[in-house]
Each structure stands twice: as structure tokens, then as C-alpha cells.
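A.B. asks: A single structure is presented below for examination.
Number of protein chains: 2
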Amino acid sequence: MVENDQGVVASKATIARLPGYLGYLRDKQAEGVENISSTAIAEDLRLNAVQVRKDLAFVSSVAGRPKLGFAVSDLILDIERFLGYDNVTDAVLVGAGGLGRTLMGYEGFKTYGLNIEAAFDVDSDLIGRRVHGKPVFALEKLPGVVKRLNIHIGIITVPKQVAQSVADLLVGAGIKAIWNFAPTHLQLPEGIAVKNEDMAASLALLSKKLSEILKADAPHQKGA
Amino acid sequence: MVENDQGVVASKATIARLPGYLGYLRDKQAEGVENISSTAIAEDLRLNAVQVRKDLAFVSSVAGRPKLGFAVSDLILDIERFLGYDNVTDAVLVGAGGLGRTLMGYEGFKTYGLNIEAAFDVDSDLIGRRVHGKPVFALEKLPGVVKRLNIHIGIITVPKQVAQSVADLLVGAGIKAIWNFAPTHLQLPEGIAVKNEDMAASLALLSKKLSEILKADAPHQKGA
DNA sequence: TCCAAATCGATAAAAAAATATCGATACCGA
DNA sequence: TCGGTATCGATATTTTTTTATCGATTTGGA
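Line by line, the protein sequences give chains Z and E.
With the first letter of the first sequence counted as 1, position 114 gets the number 114 in the numbering used here; the numbers rise by one all the way through.
So the mapping is simple: the numbering used here equals the position in the second sequence, first residue as 1, plus 1000.
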């Protein structure tokens, strides 16, 4: 739960939906749409219209107008401001392997207000080189760089066996938020934000949905 | 919401937590632990013990024993069975760029019961080659391959501009579940399972947590 | 053998999130 | 100009999810 300026409270679920609205609204704006109703957004994004109105009311004081809806450009500005996409946050990445390099090359992060300053690895073939324009340093250099650049976010893209020790290193260096792509649960002290990018959980949900669909499609297979 | 054999109902949240339990229990088993209590699991995974017991009761009929807890090996078996990790599901991937190749090379999917059979792309430099041992075909070949191998899952790792058309192609080919890594919301017909791997949403949540932590750490900066 | 302690499983309560309802309002077309 | 209507925003309700409570039970040690 998070409070905004007015003391209104929003759920985590609301915050998680905001980037979705933003992307959708940017697309609409590019199409030349100037106003849009909560009904229309809800239909396209497969959400409930009341939920959309509540979510938008949380980040924006823009009033929706009957018969017209909301001004797209105003909404975009307010969501961007709320999500902090206007002021970029710096991050470091640990583990310049396949996934790490992919993230380093992902242009979309700019749009999300995230900037990966540097990467760290133990592989001597990588150290000293640049990947997508970003330097790769030896892991030992991490505390110095993090402190010098006053970086708050660490991205972990190492094998799970070493994820915990990397997390400890990051925390020791003063990192306050960890985006963990390793498939393991990290033990961290209080006061550190973590988000696990849990592909296994996603896959589990998808598989369950799929098995229900397959069951529904072919419900009479008892004798097969 | 999903029903199990006994008609007991589990939330999506429960299903999303199951892979976490599984990974944790496998680690414990490797350490030689034979029994574990819900209390201990909850503490390590930062969950509520009651929630852990409920989650486990949903997938497993294994009874926990007072003072001892649950038999680790039994739990592992039951969770694997529930998640379908025992019988591997085949998938195709569209978009053999950076992220696509990373996923193709990810060994962990085996553990999750997922097998990427083949990839598809429009880049003629990639077509006909193999990436991490898996063939890359021209996009036009997709319907034939999907139908011939009777594949149900499609993974989308293309730029967002073409994600919708790829989704349409997959659905047309008979795919029933889509794992979407493109940062866009797909319009799909009823009866198709989708899971959006939404990094922007994750990042939004992490950023909000971080800003609260920073606020708490330095609450008296008004005059700065 | 018996007692203390830890844990379970069931039920109840609380919290969080999603959805429904409804009067008010501003737009659009006749 | 005026009536019909889509939409809003506020409030109420329902549903879902999490957390608390508590008696019952089994183990391990005195």
C-alpha cells in the first residue's frame, strides 16, 4: 500500500497496472486519440472500468468528462510523474552473461526511467570490455563504483548458486533495492527493497491456465 | 482460482508461490534435510506460516506431523506433480534476438517442465542456423511446425510493434497459451491463456518500494 | 512413563482488492 | 433549445486473500 500526495491509498496491484496504462495511452496518443473513456481502456486492457477509474484517480487529478472521458496527454504526464519516469534512476548490473547482456541492451529501460551505469562480472574475458556501450568491471570494483556514483539499485543476473553472495555484496556496498533475476529467494536485511523476477511463477500460472483450457476443449476423453 | 482433485480451491497467488516452495525444498533436500515445518519455511521465505500450511495442503495430502513438520521428499513430489513438472510441455519461441536467445539457452526451463522445440524469426542471417542446439526457422514455417508437433505454448520475444501480428499468427496456428515478453497488451480471442512478463510493472513496484525506503532513511531533508 | 514444547489443521477474523450500484453531469444530435 | 445518453465519481457490496486464534496431537527428553 502506498499513499499519494492527497493521502489516498493505492494497492500494489494498482501500481503494477500503471505501466500498462501508460503504454496503452502512449499508443493511443500516437494514433491521434485525444480523449478516452475508462470504459474503452477497460475493454482493451481486459479490466473493469471502475477499477480503471480508481487507478487513474489515484495518480491523476485530471477530471474525466462525461461522454468524452479523460484527456490522454494529461493522463500520460501524470502517470509518468507518478512512476518517476521523468527523472532517471541509475543502477548497476551483476552478471554479464546472456540475460545480463540482454538487459544491458534493452532500450526500453530508458522509457521506464532506468539507466544501467555499469556491469560487474568475474569472467576475465569480459572485464574491461564494453557491452552495449556499458563498461564491465571486476566484481571487486563494485563497492567503490556504487558508493562513488551513489547508486541505489542493483540488478542480479547471476546463477542462483552465487546470487546470495552477490546480494550480500550489493547490500554491503549500500544498495537499497535489488531486482533479482536469479531463481532463488534472497535473504536480506530489513530496509532493502526486493523484486524477484520470477519466471517459474509466471510459467506455473500459464501452465495451469493452459491445462484448464485443454480440459475444457476436450472434456470427454475419459475412455480414450 | 483453480480446483484440485478434492475440489479444494486455490488462489492464483498460491499457484504463483508453489515454484518458490519447490526450489526451496529442493535446496533443503540437497542439504540433507528430511523434515521441515511450515514455521521454518515461512521464516526463510518471508511468508506467513498459516499461508504456507494452506498452500501445501492444497497440493499435497501429506500430513504434517507435530514437532517434525512435513516430509521434504513427499512435498517435492506432490508439488512437481501438481505443477506438471514431471511431463514436459513443448513450446515454440518467436523472435531469436537477444532475449529470445537467452531464453533458448536457459537450462532451468528443463526443471520447470518446459522445452523450447524451435524458434522462428524473420532475420535471414538466423534462419537455418541453430541457437543453443535449437533450430531457427523462417516465420512462415510456424503454422506447419506447430500443427505437426502439436505444440500448445508460444513464447513471444519480438519488438512490441510486431507482437500483435505474431500473436495472431500463433493463435491461427492453434496455439492455446502465450507467454508474452513484449511490453504490450495483446488482443486475443477467448480460450487462449496469456501471461505477460511485465518488466515495467516489476520495475514500478521496485521503484515505489525504493522511494519509500529512501524517504524513511532521510526524512528530514526539507531544507536541503 | 509422563510432561513440556512445537507444530498441525480447522475455523474465525481482518485486510485488501475487485466489482456493482446509482445519482449527477456534460456532451451530442435532433 | 432540449432530451437522451454515455460517462464520471462516490459509495456500497462482494469476493478474494491474508492473518490470527485455538484445541488436538505427536514427539523428545526428564
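Just so it is clear, CB atoms sit at the ideal spot from N, CA and C, and this is done for glycine as well.
Name the residues in the stretch 1044 to 1065 of chain E whose C-beta lies less than 9 Å from a C-beta of chain Z; which are they?
C.D. replies: D1044, L1045, R1046
A.B. asks: Assuming the contact rule is C-beta atoms closer than 8 Å, Q1164/E and L1186/E should be a hit. Round their C-beta distance to whole Å, please.
C.D. replies: 6 Å
A.B. asks: Could you tell me the alpha carbon to alpha carbon distance between N1087/E and T1111/E, rounded to whole angstroms?
C.D. replies: 11 Å
A.B. asks: Which residues of the stretch 67 to 88 of chain Z have a Cβ closer than 7 Å to any Cβ of chain E? Give them in chain order.
C.D. replies: L83, G84
A.B. asks: Quick check on DSSP: helix, strand or coil for A53/Z?
C.D. replies: The sequence as given places Arg at residue 53/Z; Ala does not occur at that position. Correct three-state label for R53/Z: helix.
A.B. asks: For G174/Z, collect the residues of the same chain with a Cβ closer than 7 Å to its Cβ; drop the 5 residues on either side in sequence, then sort them by chain order.
C.D. replies: V146, K147
A.B. asks: Kindly give me the distance between the Cβ atoms of L1093/E and I1192/E, rounded to whole angstroms, as I take these residues to be in contact under 8 Å.
C.D. replies: I1192/E and L1093/E do not touch by the CB rule: their CB atoms are close to 17 Å apart, not below 8 Å.
A.B. asks: What residues in its chain sit with their C-beta under 8 Å from that of L1188/E, if we drop five residues either side in the sequence?
C.D. replies: A1167, V1171, I1178, V1194
A.B. asks: Would you say K215/Z reaches chain E, if we count a Cβ-Cβ gap shorter than 7 Å as a contact?
C.D. replies: no
A.B. asks: Quick test of your reading: L1231/E and D1121/E, contact by CB under 8 Å. State the CB separation rounded to the nearest angstrom.
C.D. replies: In the structure as shown, chain E begins at 1001 and stops at 1224. Residue 1231/E is therefore absent and cannot be evaluated.
A.B. asks: Between T157/Z and R65/Z, what straight-line distance do the alpha-carbon atoms span, to the nearest angstrom?
C.D. replies: 46 Å
A.B. asks: Report buried or exposed for K215/Z, applying the criterion of at least 16 other Cβ atoms within 10 angstroms of its Cβ.
C.D. replies: exposed
A.B. asks: Look at D55/Z and R17/Z and say whether their C-beta atoms are less than 7 Å apart.
C.D. replies: yes
A.B. asks: Are the beta-carbon atoms of S202/Z and E1197/E separated by less than 7 Å?
C.D. replies: yes
A.B. asks: May I have a chain-ordered list of the beta strand (DSSP E) segments no shorter than 3 residues that lie completely inside the stretch 1089 to 1149 of chain E?
C.D. replies: 1089 to 1094, 1114 to 1121, 1134 to 1138
A.B. asks: 7 Å is my cut-off, CB to CB: does K195/Z come that close to chain E?
C.D. replies: yes
A.B. asks: Which residue marks the beginning of the beta strand (DSSP E) containing V194/Z, and which one marks its end?
C.D. replies: 193 to 196
A.B. asks: Listing by chain order, which chain Z residues have their CB less than 9 Å from the CB of R1101/E?
C.D. replies: G98, T102
A.B. asks: Kindly indicate which residue of E190/Z, F82/Z, L210/Z, A182/Z has the alpha-carbon position closest to the one of Y1106/E.
C.D. replies: The shortest CA-to-CA distance from Y1106/E to any of E190/Z, F82/Z, L210/Z, A182/Z is the one to A182/Z.
A.B. asks: Which two residues bound the contiguous beta strand (DSSP E) that contains G20/Z?
C.D. replies: G20/Z -> not in any beta strand (DSSP E); alpha helix (DSSP H) instead, spanning 12 to 30.
A.B. asks: List the residues of chain E that S211/Z touches, going by C-beta distances under 8 Å, in chain order.
C.D. replies: G1084
A.B. asks: Checking contacts by CB at 7 Å: is G1105/E closer than that to chain Z?
C.D. replies: At least one chain Z Cβ lies under 7 Å of G1105/E.
A.B. asks: Quick check: the Cα distance between K1208/E and L83/Z, rounded to an integer number of angstroms?
C.D. replies: Taking the straight line joining both Cα atoms gives about 8 Å.
A.B. asks: Hey, quick one: how far does the beta strand (DSSP E) through A201/Z stretch, first residue to last?
C.D. replies: Looking at the DSSP string, A201/Z is not in any beta strand (DSSP E); the run it does join, the alpha helix (DSSP H), is 199 to 217.
A.B. asks: Please state whether the Cβ-Cβ distance between A1204/E and I15/Z is less than 7 Å.
C.D. replies: Yes, the Cβ-Cβ distance between A1204/E and I15/Z is below 7 Å.
A.B. asks: Under three-state DSSP, which class holds F181/Z?
C.D. replies: coil
A.B. asks: Does the distance from the C-beta atom of V1033/E to that of V1072/E stay below 7 Å?
C.D. replies: yes
A.B. asks: Does the distance from the CB of A1049/E to the CB of A1042/E come in under 7 Å?
C.D. replies: Taking 7 Å as the Cβ cut-off, A1049/E and A1042/E qualify as a contacting pair.
A.B. asks: If we ignore side chains and look at the alpha-carbon of each, how far apart do R1081/E and D1217/E end up?
C.D. replies: So the alpha carbons of these two residues sit roughly 45 Å apart.
A.B. asks: Quickly, what does DSSP pair I156/Z with across the bridge? List them, please.
C.D. replies: V94/Z, N180/Z
A.B. asks: Going along the chain, which residues of the stretch 168 to 185 of chain Z sit with their C-beta nearer than 9 Å to a C-beta in chain E?
C.D. replies: K176, A177, I178, W179, P183, T184, H185
A.B. asks: By DSSP's criteria, N1035/E is part of a beta bridge. Which residues make up the other side?
C.D. replies: A1071/E
A.B. asks: Given a cut-off of 7 Å on the beta-carbon distance, is the pair D1090/E and I1151/E in contact?
C.D. replies: yes
A.B. asks: What's the gap between the Cα of V1242/E and the Cα of T1184/E?
C.D. replies: Residue 1242/E falls outside the range modelled here, since chain E spans only 1001 to 1224, and no answer is possible.
A.B. asks: Measure the alpha-carbon distance for I153/Z versus M104/Z and round it to whole angstroms.
C.D. replies: 14 Å
A.B. asks: Identify whether R81/Z lies in helix, strand or coil by the three-state DSSP scheme.
C.D. replies: helix
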